[in-house]
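Asker:
Number of protein chains: 6
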Amino acid sequence: MRATKRTPEQSRNVKITRHYTDYAEGSVLIEVGNTKVLCNASVTSSVPRFLRGQGKGWVTAEYGLLPRATHSRNQREAARGQQSGRTLEIQRLIARSLRAAVNLKALGDHTITIDCDVIQADGGTRCASITGACIALVDALRWMVAQGKLKKSPLKQMIAAVSVGIYKGTPVCDLDYAEDAKAETDMNIVMTETGGMIEIQGTAEVGTFSHEQLLAMLSLANNSIKNLIIEQKKALSAE
Amino acid sequence: MRATKRTPEQSRNVKITRHYTDYAEGSVLIEVGNTKVLCNASVTSSVPRFLRGQGKGWVTAEYGLLPRATHSRNQREAARGQQSGRTLEIQRLIARSLRAAVNLKALGDHTITIDCDVIQADGGTRCASITGACIALVDALRWMVAQGKLKKSPLKQMIAAVSVGIYKGTPVCDLDYAEDAKAETDMNIVMTETGGMIEIQGTAEVGTFSHEQLLAMLSLANNSIKNLIIEQKKALSAE
Amino acid sequence: MRATKRTPEQSRNVKITRHYTDYAEGSVLIEVGNTKVLCNASVTSSVPRFLRGQGKGWVTAEYGLLPRATHSRNQREAARGQQSGRTLEIQRLIARSLRAAVNLKALGDHTITIDCDVIQADGGTRCASITGACIALVDALRWMVAQGKLKKSPLKQMIAAVSVGIYKGTPVCDLDYAEDAKAETDMNIVMTETGGMIEIQGTAEVGTFSHEQLLAMLSLANNSIKNLIIEQKKALSAE
Amino acid sequence: MRATKRTPEQSRNVKITRHYTDYAEGSVLIEVGNTKVLCNASVTSSVPRFLRGQGKGWVTAEYGLLPRATHSRNQREAARGQQSGRTLEIQRLIARSLRAAVNLKALGDHTITIDCDVIQADGGTRCASITGACIALVDALRWMVAQGKLKKSPLKQMIAAVSVGIYKGTPVCDLDYAEDAKAETDMNIVMTETGGMIEIQGTAEVGTFSHEQLLAMLSLANNSIKNLIIEQKKALSAE
Amino acid sequence: MRATKRTPEQSRNVKITRHYTDYAEGSVLIEVGNTKVLCNASVTSSVPRFLRGQGKGWVTAEYGLLPRATHSRNQREAARGQQSGRTLEIQRLIARSLRAAVNLKALGDHTITIDCDVIQADGGTRCASITGACIALVDALRWMVAQGKLKKSPLKQMIAAVSVGIYKGTPVCDLDYAEDAKAETDMNIVMTETGGMIEIQGTAEVGTFSHEQLLAMLSLANNSIKNLIIEQKKALSAE
Amino acid sequence: MRATKRTPEQSRNVKITRHYTDYAEGSVLIEVGNTKVLCNASVTSSVPRFLRGQGKGWVTAEYGLLPRATHSRNQREAARGQQSGRTLEIQRLIARSLRAAVNLKALGDHTITIDCDVIQADGGTRCASITGACIALVDALRWMVAQGKLKKSPLKQMIAAVSVGIYKGTPVCDLDYAEDAKAETDMNIVMTETGGMIEIQGTAEVGTFSHEQLLAMLSLANNSIKNLIIEQKKALSAE
């Protein structure tokens with residue numbers, strides 16, 4: 003049924019490259035099928051104004067799509083002078099999700115900014131960004147410990163994300179662009195390794211989706227995210 | 003448990019005033035507890051560039067918060083020169099939801115723009131906007147039929163929205179601002195009168211939420227939205 | 003002569019609703035005929051940078067038109083990313099006028115911001131804004147006294163505003179939109195209760211206006227503003 | 003009483019240089035005392051969108067202050083990315099005033115844009131702009147006739163402008179910057195050669211101004227503008 | 003003398019990867035030492051407004067630096083709402099240089115846009131962009147020929163660029179970031195394979211540079227660019 | 003060969019008027035042929051954030067073109083809300099060049115901003131700006147000494163600039179607009195009085211330029227700049 007011969011519950015292959023660039027405190031290239039996102043974590047020793055004096059750190063994120071990451075070229079947001087609503091929505095989602103992975107109190111007066119820049123987009127870029135960014139975040143936290151900026155890592159748990167949907171009437175996992183463009187329902191789910199839910203964002207693109215379909219999609223996501231977190235840990239144990 | 007003595011499953015009172023202003027083709031003031039949103043529907047006889055020549059209409063939405071709709075004053079977005087990410091995210095949600103209520107093919111070469119301006123914000127403004135905007139949309143469609151612009155209304159179904167959440171460990175329905183600010187999980191749900199799901203957006207603000215909590219919240223939303231649609235229909239049958 | 007059967011010197015009915023919203027320190031809905039403006043006064047305990055260290059307070063104003071306040075929809079200024087020249091000009095006028103009502107030295111290190119948001123526009127919105135904003139300002143000053151932020155109200159005098167014009171060759175008072183659109187001359191006048199002039203802004207839209215016509219318009223404005231101030235005081239004495 | 007030894011009714015010397023730059027269809031440097039404004043009129047053979055197909059022309063204006071036209075440097079508006087409210091207000095005034103000088107129907111499908119750029123600012127820059135721009139406008143209209151674009155000049159009348167005010171309790175004419183900064187009332191008046199009024203904009207900076215003071219200021223303006231128009235005509239008759 | 007043990011005339015190693023991404027008509031990752039730039043060429047079948055109807059094509063370029071391409075994080079230009087002066091200057095240089103490589107008349111009604119996005123910046127990013135972009139451009143032109151959009155490639159010549167400078171008093175070739183930050187003179191040179199000069203941009207950062215130093219730098223550039231063009235051709239002959 | 007009968011090596015006449023406006027600490031109108039630029043230097047007693055605490059001063063520049071400085075009107079950059087890439091590039095060049103003329107350490111905690119506003123543009127505006135700005139800079143430094151802000155002038159050397167190019171195959175000096183628009187190569191050179199080079203920016207507009215042509219252009223520039231510096235010194239010795 004799926005153009006790529008995958009079964010409905012089958013996710014795409016994931017490839018994780020740590021230390022992809024030299025300067026960032028955490029730098030991860032994540033490839034999910036043909037989707038490729040570079041996730042760079044930067045540490046600064048200050049916090050945004052609204053947090054000053056509270057002894058809490060902050061984790062934030064920015065998202066961008068290289069103009070030709072997609073099939074046809076998109077206008078460069080810097081040239082347009084504005085990030086689109088879609089971009090703002092995605093980077094808010096990434097940042098919220100990552101904050102769920104960290105004990106901000108234990109982070110102290112530091113901010114970690116994760117830049118997720120999409121080199122190639124074949125569907126699921128926001129989920130790939132979250133999954134990759136979590137690894138870059140861990141590397142940045144490890145760097146902080148190694149530098150003596152923190153006594154121990156304030157990581158609470160790994161998180162990962164996957165998109166699920168209803169495609170030709172069937173719940174499917176990890177949609178590529180061609181599937182996503184035709185899906186009746188599109189849903190992004192962020193979870194922890196123990197199955198706790200962080201974010202769920204689902205939209206009926208055609209008609210509505212039923213309670214049963216929602217449950218089926220949740221189940222697909224649950225399995226896929228478990229596997230993604232295994233991949234994350236495998237990558238993080240190397241070196 | 004709730005500051006306002008409501009039971010967990012109890013929604014706030016809803017008051018709907020149609021024809022609130024004189025010029026818009028649909029104009030509804032919706033009050034959900036202390037939250038007040040003015041929803042004005044405007045009809046124009048053209049479609050956005052990306053739809054031209056396809057014989058399809060369009061429904062879009064914009065959202066704004068009067069600067070002093072909230073407890074302390076927010077900077078005016080027009081003065082700041084930019085809509086915030088939160089605003090863009092909300093108006094994208096409202097517009098997507100409303101498009102699910104209409105047969106765009108049957109709308110022909112028309113655009114309906116729904117402005118949701120929050121006069122007073124006590125939590126749940128995006129859900130109140132959707133619920134009120136759907137009524138303004140119906141009035142605009144009726145006006146189009148009365149004007150001979152359409153033979154019959156392209157309305158597919160009524161939709162409404164409610165926020166649910168986990169507050170002090172308990173799933174609760176229709177959070178006010180004080181509850182929302184402290185909720186562990188916050189979720190907005192848009193559904194049709196027959197229980198079809200249009201949108202689900204849930205975020206864990208503290209920790210995570212479990213599958214069981216998700217089911218409990220969905221159940222609360224389902225009941226509340228059924229009641230909201232009864233209120234919508236009551237309002238629309240008057241006159 | 004006038005479409006609405008008013009005599010040339012006849013102003014429209016005024017309706018003033020105080021405490022229209024719950025959160026602002028002063029909140030007034032003013033209705034002048036079909037023109038409806040919500041005026042919310044917000045108090046903050048700081049002053050703009052250019053006044054720091056001078057022991058003087060500040061009063062400022064912002065003005066906005068809801069997109070469908072008018073017969074056809076206007077683009078939302080926040081979406082456009084810029085306030086129009088007209089908007090900036092109006093809010094500068096409102097703010098200057100209100101500062102004439104207050105002893106800024108006696109206001110101390112506080113800023114009062116008055117948001118005038120037009121719900122429905124049928125001509126004379128800037129004048130209705132000034133007249134309504136002055137009441138919201140008084141309520142905010144009373145609140146400051148009640149809160150112990152000020153010993154006594156620094157109000158110097160009430161001010162109000164009306165538009166006058168030359169319509170079909172005759173000086174008329176308080177033009178509605180239909181008249182304003184066709185008027186040969188359009189003039190906005192802000193005065194105190196004792197007839198002191200604060201602002202006069204007159205424009206010949208067609209041809210020129212004569213000294214005699216100017217005097218006739220001033221006389222109409224003088225009477226109308228006296229009545230407006232009686233209405234303001236009536237509203238302020240209730241509670 | 004006046005720092006510059008002028009009597010209250012005395013205006014500053016005016017110097018008008020036509021053909022100040024080589025490329026503009028009308029180019030006038032006007033000097034009013036130490037205030038110097040370059041007024042360049044540009045003719046284009048099209049009209050703004052809102053006028054298309056109406057067989058009417060348009061006259062518009064833009065205003066700018068060179069950053070060091072003033073005693074201390076102002077931020078460059080182009081660098082700031084926005085024209086200030088003051089700039090927009092002034093250029094709207096200049097444009098409205100100039101349109102009163104021209105029969106737009108007779109102008110045909112042409113737009114005349116007048117750029118008023120202040121080289122040095124010693125008070126009264128908006129009035130000097132209007133007075134100078136009217137001459138540049140006449141030169142542009144003459145050029146259009148010479149080029150065969152128009153059969154005869156659509157000029158209806160000359161217009162000129164002056165600022166008047168209340169300074170140390172006395173009505174005075176043509177305030178320089180030092181006077182303007184301390185004036186109790188500040189008023190800009192635009193009139194025709196026959197005494198018809200085009201614009202009046204008066205503001206009480208301190209206290210209020212009385213009806214008698216208004217009449218005195220109008221009288222000063224009336225005389226001053228008559229003289230300005232004599233100067234304009236003298237300049238235009240040269241060559 | 004050089005931190006990296008290179009001789010003054012020694013350039014860094016160059017690595018060229020064609021078809022780096024899947025969607026662009028030309029896609030090249032160029033690595034010059036630690037500097038890495040992704041150059042994507044996009045073809046569209048239209049030309050900018052100013053060229054319409056002239057039967058000429060256009061080549062343009064955009065440049066961006068990923069926020070953490072550098073040692074410390076730069077603010078994202080899309081978030082800042084503006085491209086910096088440096089960015090605009092660089093992309094103007096890249097585009098001008100590339101247009102020198104193509105016969106625009108023979109390109110017909112097509113635009114080729116080359117996006118140069120810097121993944122990692124260790125000095126010389128604008129020169130690496132030009133050298134890499136020229137290869138992406140050739141691939142895009144080959145694609146156009148293969149697609150039948152052009153009969154033959156309108157390439158006139160290969161171009162490449164290198165930075166040279168005066169570092170510790172000595173003319174050196176292909177500065178890395180550490181050298182560039184301390185160089186007394188910094189110069190970027192774009193040349194053709196036959197030694198024709200396209201662009202020269204040199205700046206004395208400390209003191210001045212002499213005629214003799216200029217000649218020495220030109221000579222270094224000449225040799226380096228010859229080698230770069232050999233590398234370009236080697237890469238293009240593969241496949 | 004040249005339309006204006008000049009020989010290839012002949013520069014245009016230069017006219018320098020110091021103290022052109024009254025308020026700036028240095029104010030120079032420079033006329034190079036028909037090109038006229040007003041250069042105003044403003045002194046402030048602070049430095050930009052990135053220099054604070056380093057005991058170094060700063061020299062910066064801004065550039066603008068009056069809308070009708072050119073043959074046809076350009077859109078006003080302040081109205082457009084953005085400076086063009088060309089403007090940013092030019093003002094960066096002017097500022098870099100001027101900083102080469104001053105010992106920034108000896109300037110202390112002061113910033114000198116030089117505004118170069120083009121009144122009339124007939125080619126070579128960036129070079130005329132640099133040549134004129136250097137004189138305004140000297141006047142501002144003299145003013146600082148006279149005011150006791152500096153013990154002695156931190157001027158290191160005079161600098162001046164000229165454009166050279168290849169026009170109809172021949173190297174020519176100081177191109178006017180008509181020549182510049184058709185030149186095959188366009189080059190701007192900034193030098194000191196002793197022949198030290200500060201900036202060289204050359205672009206092949208058609209084809210390429212050769213090493214020999216570069217040398218010929220450099221020689222023309224060298225002579226022309228020597229003469230410009232004689233003119234600068236003559237102007238500065240007056241008074």
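Chain order of the listed sequences is A, B, C, D, E and F. Counting with the numbering used here, you get residues 3 to 241 for the letters of the first sequence. Counting with the numbering used here, you get residues 3 to 241 for the letters of the second sequence. Counting with the numbering used here, you get residues 3 to 241 for the letters of the third sequence. Counting with the numbering used here, you get residues 3 to 241 for the letters of the fourth sequence. Counting with the numbering used here, you get residues 3 to 241 for the letters of the fifth sequence. Counting with the numbering used here, you get residues 3 to 241 for the letters of the sixth sequence. In this text, a Cβ means the ideal position worked out from N, Cα and C, and glycines have one as well.
#1: Between C:219, C:94, C:58 and C:190, which has its C-alpha nearest residue 130 of chain C's C-alpha?
#2: Would a C-beta distance cut-off of 8 angstroms place residue 176 of chain F and residue 14 of chain F closer than the cut-off?
#3: Check the DSSP bridge columns for residue 140 of chain F and list the partner residues they point to.
#4: Cβ of residue 119 of chain F versus every heavy atom of the ligand SAM: is any distance shorter than 7 angstroms?
#5: Report the rounded CA-to-CA distance for residue 143 of chain E versus residue 124 of chain A, giving the unit in angstroms.
#6: Whole-angstrom Cβ separation of residue 61 of chain C and residue 101 of chain C, contact assumed at under 8 angstroms?
#7: Taking Cβ positions, are residue 80 of chain B and residue 63 of chain C nearer each other than 8 angstroms?
#8: Verify the CB distance criterion: does residue 168 of chain B have a CB-CB separation below 8 angstroms to chain A?
#9: Roughly how many whole angstroms lie between the Cα atoms of residue 167 of chain A and residue 182 of chain A?
#10: In this structure, how does DSSP classify residue 89 of chain A when only helix, strand and coil are distinguished?
#11: Would residue 52 of chain F be called buried (16 or more neighbouring beta carbons within 10 Å of its own) or exposed?
#12: I need the boundaries of the alpha helix (DSSP H) containing residue 222 of chain E, first residue and last residue.
#13: To be precise: take each residue of the stretch 67 to 87 of chain A, compare its Cβ to all Cβ atoms of chain E, and keep it if any distance is under 7 angstroms. Which residues remain?
#14: Note down, in chain order, all residues in the stretch 106 to 130 of chain C with a beta-carbon under 9 angstroms from any beta-carbon belonging to chain B.
#15: Using the beta-carbon count (16 or more within 10 Å), is residue 82 of chain C buried or exposed?
#16: Any idea what DSSP makes of residue 134 of chain C, helix, strand or coil?
#17: Around the C-beta of residue 54 of chain C, are 16 or more other C-beta atoms found within 10 angstroms, so that it is buried, or is it exposed?
#18: Given a limit of 9 angstroms on CB to CB distance, which residues of the stretch 209 to 232 of chain E reach chain F?
#19: Which full runs of the beta strand (DSSP E) of 3+ residues lie inside the stretch 4 to 31 of chain D, going along the chain?
#20: So, helix, strand or coil for residue 174 of chain D, using DSSP?
#21: Residue 201 of chain D versus chain C: which residues are under 9 angstroms apart at the beta carbon?
#22: I want to see whether chain B comes within less than 8 angstroms of residue 194 of chain A, judged by CB atoms only; does it?
#23: When DSSP builds the beta bridges, which residues end up paired with residue 60 of chain B?
#24: Using a Cβ-Cβ cut-off of 7 angstroms (strictly less than) and excluding sequence neighbours within five positions of residue 65 of chain A, which residues of its own chain qualify?
#25: So with CB distances below 7 angstroms, who are the chain A contacts of residue 24 of chain E?
#26: Is the stretch 146 to 157 of chain F in contact with the stretch 195 to 213 of chain F, if contact means three or more CB pairs nearer than 8 angstroms?
#27: Establish whether the CB of residue 102 of chain D and some CB of chain G are separated by less than 8 angstroms.
#28: Beta-carbon separation of residue 70 of chain D and residue 44 of chain F under 8 angstroms?
#29: Pull the bridge partners of residue 118 of chain C from the DSSP assignment, please.
#30: Roughly how many whole angstroms lie between the Cα atoms of residue 230 of chain E and residue 184 of chain E?
#31: With DSSP collapsed to three states, give me the class of residue 165 of chain B.
#32: For residue 59 of chain A, which option in A:214, A:170 and A:109 has the closest C-alpha, if you only look at C-alpha atoms?
#33: What residue from E:223, E:136 and E:180 has the CA that sits closest to residue 2 of chain E's CA?
#34: Can you tell me which of the three DSSP states residue 127 of chain F falls into?
#35: Anything in the stretch 43 to 58 of chain B with a Cβ closer than 7 angstroms to a Cβ of chain C? List those residues in chain order, please.
#36: Just to confirm the assignment, what range does the alpha helix (DSSP H) spanning residue 80 of chain A have?
Answerer: Well, looking at it:
#1: Nearest C-alpha to residue 130 of chain C: C:190.
#2: Contact flag set, yes.
#3: None; residue 140 of chain F has no bridge partner.
#4: In terms of ligand content, the structure shown is empty, and the ligand SAM therefore cannot be addressed.
#5: 25 angstroms
#6: 5 angstroms
#7: no
#8: When Cβ-Cβ separations below 8 angstroms define contact, residue 168 of chain B makes no contact with chain A.
#9: 8 angstroms
#10: helix
#11: exposed
#12: Element bounds for residue 222 of chain E: 213 to 239.
#13: Residues 68, 69, 70, 72, 73, 75, 78, 79, 80, 81, 83, 84 and 85.
#14: Listed by position along the chain: 115, 117, 119, 121, 122, 123 and 124.
#15: Exposed, since its Cβ has fewer than 16 Cβ neighbours within 10 Å.
#16: helix
#17: exposed
#18: 209, 210, 211, 212, 213, 215, 216, 217, 220 and 224
#19: 16 to 20
#20: Strand at residue 174 of chain D.
#21: 203, 204, 205 and 206
#22: Residue 194 of chain A belongs to the set of residues whose beta carbon lies under 8 angstroms from a beta carbon in chain B.
#23: B:113
#24: 89, 92, 93, 96, 118 and 131
#25: 36 and 122
#26: Between the stretch 146 to 157 of chain F and the stretch 195 to 213 of chain F there are fewer than three C-beta pairs closer than 8 angstroms, too few to call the two in contact.
#27: Judged by its chain identifiers, the structure shown contains no chain G, and its protein chains are A, B, C, D, E and F.
#28: A distance below 8 angstroms separates the beta carbons of residue 70 of chain D and residue 44 of chain F.
#29: C:41 and C:65
#30: 25 angstroms
#31: Strand at residue 165 of chain B.
#32: A:109
#33: No statement about residue 2 of chain E is possible, as the shown extent of chain E runs from 3 to 241 and does not include it.
#34: helix
#35: 44
#36: Where residue 80 of chain A is concerned, the enclosing alpha helix (DSSP H) stretches over 79 to 82.
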